[in-house]
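With mature numbering (1 follows the signal peptide of the UniProt record, and there is no 0) applied, the sequence shown corresponds to residues -18 to -1, 1 to 162, in that order. Every residue gets a Cβ at the ideal spot worked out from N, C-alpha and C, and that includes glycine. Step one of this worksheet: look at the structure below.
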Amino acid sequence: MKHLALAVALALSHQAFASSSPFVKAELLSNGATLSLQRHDGSQLIAPKFDDQEFFDNPAIASDSSYVGWLALFPDRGASYPQPLYLVILDRFNHVHRFEGKFGMVFGWCFTEDGSSVVYKYSFPHGTTPIAFDMRRIEDEKLLRRFELDPIAPEENEDAVLQSKTPRWARCATKRVRGH
């Protein structure tokens, strides 16, 4: 009986260690319908989906490899194509962290340089809309910074306005989702 208990304890300890291995690769498959994740120990897993989620987009791994993140795209949200409602972060222990804006959809994101936080840009998908950026610590999802930009007039170049008015801490999130 002692040997069985020891074997079970060793197996559980190995499984816990394997599941906490850092991330080394995040690859979109099936045109973004699946996201394959690979860990440093060679183990692979498929990223979890929300109930009606259709696609994944913009996957990235934090600089310290402790986190992997992506945008979760959903159908039937007022457009003929899937919309990015959430930024999803998976930690080394398979805990899911979900981030969204105060309004609209998430259209760009990045990890901070140290990998402990995320910055994401959100707005409505069409028309003259406000644009905002949040920085949140991943571990407890606490809001660290927020910047809101008034709607950009249709005759203005949105990229130029974003480049000139977005604070340095949020610039990495100014890229738009590739879309499907």
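The residue from H108, E140 and D96 with its alpha-carbon nearest to that of R119 is D96.
The shortest CA-to-CA distance from P57 to any of D141, A135, D73 and F38 is the one to F38.
Annotated as proximal: I28 and L17, with beta-carbon spacing under 8 angstroms. Taking all protein chains shown into account, K84 has fewer than 16 neighbouring C-beta atoms within 10 Å of its C-beta and is therefore exposed. In the structure shown, the three-state DSSP call for N13 is helix.
Each residue's CA atom was taken as its position, placing E138 and S146 some 12 angstroms apart.
The shortest CA-to-CA distance from Q65 to any of V101, H108, F75 and C92 is the one to H108.
In the DSSP assignment, A142 falls within the alpha helix (DSSP H) that extends over E140 to K147. Cα atoms of V50 and D122: separation of roughly 16 angstroms, rounded to the nearest angstrom.
In the structure shown, the three-state DSSP call for R127 is strand. Under the criterion of beta carbons closer than 8 angstroms, L126 and M117 qualify as touching, at roughly 5 angstroms.
For R150, the secondary structure class from DSSP, reduced to helix, strand or coil, is helix.
With contacts defined by Cβ atoms closer than 8 angstroms, F5 and S47 form a contacting pair. Here the alpha carbon of V101 sits roughly 15 angstroms from the alpha carbon of L144.
A straight-line Cα-Cα distance of about 15 angstroms links E36 and G60. About 10 angstroms separates the beta carbons of W91 and V70, which is beyond the 8 angstroms limit, so they are not a contact pair.
Here S3 has R21, H22 and D23 as same chain residues with Cβ atoms under 6 angstroms from its own Cβ, once five neighbours each way along the sequence are excluded. In the three-state reduction of the DSSP assignment, A54 falls in the strand class, which pools E and B. Distance from A155 to F115 at the Cβ level is roughly 6 angstroms; contact confirmed, criterion being Cβ atoms closer than 8 angstroms.
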